[in-house]
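Here the sequence shown is numbered in this note's numbering, starting from 8 and rising by one per residue.
We put the CB at the ideal spot given by N, CA and C, even for glycine.
Accompanying notes for the structure given below.
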Amino acid sequence: PLVTITVAEYSSRPISVAGAVKEPLTFQASAPVTLLEAITRAGGLTPVAGSEILVSKTQTAPGGQPASLMQRISVKALIDGTDPEANLRLTGGEEVRVPEAGKVFVVGNVKKPGAFTVGDGSETSVLKMLAMAEGLAPFAGKQAYIYRREASGTKNEIPIELSRIMDRRAPDAPLLANDVLYVPDSRNRRL
């Protein structure tokens, strides 16, 4: 006998990988896939990837309503393999998002102004950012400013006594992701 089988419909089990990966994609999970395999299919992480991966899945809550479940996975634990539970088993319907790491912007009288990535923690300091900007330029002022946008949407301008911090007479000031550190010109020094 001659038998022909035609698949009328596939059970859709998509897994989406987006964010700071080299090739964002959506693929069908024909079998269970690990989180590391899904990121590998997306070409791996980019250099600007943050320290966490967000995995979300929609499930049915006890009341019959759809509820979203989100897990935060440490990139370090996943890549180093120190925590076997970090390499989640994905069965389909998951969204994997890799947020970019936060940046601090350094402008004004520094040798190398630019945007610098905030490390594993969400906080850095003025001295660390000045070191990344290769130090102060010759005509830098004694006072700097941190421009910060608060969660409420308001903007703050925080004056910083650079000369006191550099002389270790004042504590180093903390910087958060998306802060702008501005080192103005010293007109007296330039004259």
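What's the gap between the Cα of Ala184 and the Cα of Thr98? In the sequence shown, counting from the first residue as 1, residue 184 sits at position 177. In the sequence shown, counting from the first residue as 1, residue 98 sits at position 91. Distance from the CA atom of Ala184 to the CA atom of Thr98, rounded to whole angstroms, is 34 Å.
Residue span of the beta strand (DSSP E) that contains Val187, given as start and end: As a working mapping, residue 187 is identified with position 180 in the sequence shown. Counting along the chain, the beta strand (DSSP E) containing Val187 begins and ends at Val187 to Val190.
Measure the C-alpha to C-alpha separation of Lys110 and Val125 and round it to an integer number of angstroms. The residue you call residue 110 lines up with position 103 of the sequence shown. The residue you call residue 125 lines up with position 118 of the sequence shown. Cα to Cα, Lys110 sits roughly 5 Å from Val125.
Please return the same chain residues whose Cβ sits closer than 8 Å to the Cβ of Val117, not counting the five positions on each side in sequence. In the sequence shown, counting from the first residue as 1, residue 117 sits at position 110. The answer, listed in chain order, is Leu137, Ala140, Glu141, Gly142, Leu143, Ala144, Ala147 and Val190.
Is the distance from the Cβ of Val105 to the Cβ of Gly57 below 8 Å? The sequence position of residue 105 within the sequence shown is 98, counting from 1. The sequence position of residue 57 within the sequence shown is 50, counting from 1. Yes, the Cβ-Cβ distance between Val105 and Gly57 is below 8 Å.
Tell me the start and end of each unbroken beta strand (DSSP E) in the segment 28-83 that is at least 3 residues and wholly inside, in chain order. Complete beta strand (DSSP E) runs here, min 3: 32-35, 59-67 and 73-81.
Can you tell which of Asp186, Glu30 and Leu42 has the C-alpha that lies nearest to the C-alpha of Lys162? Counting from 1 along the sequence shown, the entry for residue 162 is found at position 155. Of the listed residues, the one whose Cα sits closest to Lys162 is Asp186.
Residues near Val28 by beta carbon distance below 8 Å, same chain, minus five either side: Position 21 of the sequence shown, counted from the start, is the residue given in the question as residue 28. Excluding residues within five positions, the ones whose Cβ falls inside 8 Å are Ile46, Ala49, Gly50, Gly51, Leu52, Thr53, Ala56 and Val105.
In whole angstroms, what is the alpha-carbon distance linking Arg176 and Ile80? Here the question's residue 176 lines up with position 169 in the sequence shown. Here the question's residue 80 lines up with position 73 in the sequence shown. If I take the Cα positions, the gap works out to 40 Å.
Helix, strand or coil: which one does DSSP assign to Val10? Within the sequence shown, numbered from 1, the residue matching residue 10 stands at position 3. If DSSP states are grouped into helix, strand and coil, Val10 belongs with coil.
Burial state of Ile12, where buried means 16 or more other Cβ atoms lie within 10 Å: As a position in the sequence shown, residue 12 is number 5, starting the count at 1. So Ile12 ends up on the exposed side.
Going by C-alpha to C-alpha distance, which of Lys149, Leu182 and Ala108 sits closest to Ile172? In the sequence shown, counting from the first residue as 1, residue 172 sits at position 165. Cα-wise, what sits closest to Ile172 is Lys149.
Buried/exposed call for Ala38, threshold 16 Cβ in 10 Å: The residue labelled residue 38 in the question sits at position 31 within the sequence shown. Classification of Ala38: exposed, given that the 10 Å Cβ count is below 16.
When you compare the CB positions of Leu42 and Val103, do they come within less than 8 Å of one another, or not? Position 35 of the sequence shown, counted from the first residue, corresponds to residue 42. Position 96 of the sequence shown, counted from the first residue, corresponds to residue 103. Cβ atoms of Leu42 and Val103: closer than 8 Å.
Distance, Cα to Cα, Val133 vs Ala108? Within the sequence shown, residue 133 is the residue found at index 126, counting from 1. Within the sequence shown, residue 108 is the residue found at index 101, counting from 1. Whole-angstrom Cα-Cα distance: 18 Å.
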